[in-house]
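Structure, as C-alpha cells:
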C-alpha cells in the first residue's frame, strides 16, 4: 500500500479508501453485510487505513455496517470518514441542511450508528446554499472542541466555498469526483493540495466504465442510472471506448486488469491523496488493492494523458 500525508490534518492516509455507498442499496441483506465486513477486515490487514460512509447511503445502513466492521478492528489504526447535511426525502429528492443544530444532531446520530466515540473526517456532503458557512463551521468547530470530530471537510464544493470556510476555521479535506473520464475538478484539487487540504476522490472508476466491464450500449442499458453521466452518452462514450484500447494495451503489458491502470493513473497524481473505490466483495476489493503493487511509468501516464486530450476527454 502507498500512503500520502494530509498536511492540515497531520495524518497519513492509504491511497485507497474503502467506499461503502452500495451498502444499504435495494436488495442488500445480511449476507451482503457479512461479505462487506469480511472485505473491510481483509483490506485493512493489507494496509488500507480509511473507510468512507455517509448517513445518506441506505438511510444509515451503511454507517451501521461500517460500525460492525469497526468492532473487529483496532479503532486507533482506522480512519472513518462520514458526512452530514444531505439526505433523501420521501419523494427521493436530495435535500441539504447544514444548520448548526442539524450538524450537531447528525454527528450524534453517526457516532451512534458507527459505534465509536469520534469521527475522524466529518464532511459536508452537498452544499446548503441557504445556511451561512459561518454557522456550519461554528458547529464543526464545536464538535472538534468536544472531541467528537477530529477533522473538517467539504464535498462537492467550490474554491470560493473553501476560502470562505477557512475564514472561520481550518479545512482539512475535500472530497470531489475525479477520474480519467471526469477531470472537471482538477484545478480545484491542485489548489486544495497547495493549501495543505487533503484530497479524496470518488467516482474513481467512472461508475464502472474504466473497469473494462462496460463495452457496448447493451451494458449501459442494464443500469439506467448510468445515463446520468455524460461519458455514457455519445459522442463521449465512443471516445472513452477508444481510450480504453490504450488502457487495455498498458494493462496487458503489466499483466493486470484494466481497472488497476485507471486506479494508478488517478492516485499517482500529486494532488490526489486517496481514491474511494467501491468494495462489494473481497475478490474485487483485493484485485483493486493490487494496483498498488506496481506503478505506471511517466511515459505511460503521458501516453494516457495524450490520448485523453486527443479524444477530447481531458
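In the numbering used here, the protein residues as written are 163 to 476.
Beta carbons: idealized from backbone N, C-alpha and C, even for Gly.
All values reported here derive from a predicted model rather than from experimental measurement.
430 is the residue among 441, 444 and 430 whose C-alpha sits nearest the C-alpha of residue 466.
Nearest to residue 287 by alpha-carbon distance, out of 344, 394 and 362, is 362. Fewer than three beta-carbon pairs drawn from the stretch 203-210 and the stretch 363-373 are found closer than 8 Å, and the two stretches are therefore not classed as touching. Annotation note: the stretch 255-288 contains the following uninterrupted beta strand (DSSP E) runs of length 3 or greater, listed N- to C-terminal: 256-258 and 281-286. The Cβ atoms of residue 178 and residue 354 lie no closer than 8 Å to each other. Rounded to whole angstroms, residue 201 and residue 345 show a C-alpha spacing of 29 Å. DSSP places residue 425 in the helix class (H, G or I) of the three-state scheme.
The continuous beta strand (DSSP E) containing residue 317 extends over residues 311-317. Close CB contacts of residue 382 within its chain, under the 6 Å cut and outside five residues either way in sequence, are with 388 and 394 (chain order).
One Cα belongs to residue 468, the other to residue 262, and the distance between them is close to 46 Å. Inter-residue distance for residue 472 and residue 347 is about 19 Å (C-alpha atoms, whole angstroms). With respect to the C-alpha of residue 213, the residue from 462, 191, 239 and 376 having the closest C-alpha is 239.
Residue nearest to residue 415 within the set 435, 459 and 174 is 459 (criterion: CA-CA distance). Between residue 420 and residue 297, the alpha-carbon positions lie close to 45 Å from each other. Contact check for residue 282 and residue 312: beta-carbon distance about 5 Å, within the 8 Å limit, so the pair qualifies.
When rounded, the separation of the alpha-carbon atoms in residue 364 and residue 410 is 22 Å. Annotation: residue 407 to residue 278 spans about 45 Å, alpha carbon to alpha carbon.
For residue 436, the enclosing beta strand (DSSP E) covers residues 436-440. Residue 225 carries a helical assignment under DSSP once its states are collapsed to helix, strand and coil. The continuous stretches of alpha helix (DSSP H) do not include residue 213, which lies in the beta strand (DSSP E) extending over residues 212-214. A check of alpha carbon separations from residue 413 across 378, 450, 441 and 401 identifies 450 as the nearest. Following the DSSP letters along the chain, one finds residue 239 in no beta strand (DSSP E), marked with neither H nor E.
With fewer than 16 other CB atoms across the displayed protein chains lying within 10 angstroms of its CB, residue 378 is exposed. If you compare the alpha carbons of 211, 331 and 448 with that of residue 302, the shortest gap goes to 331.
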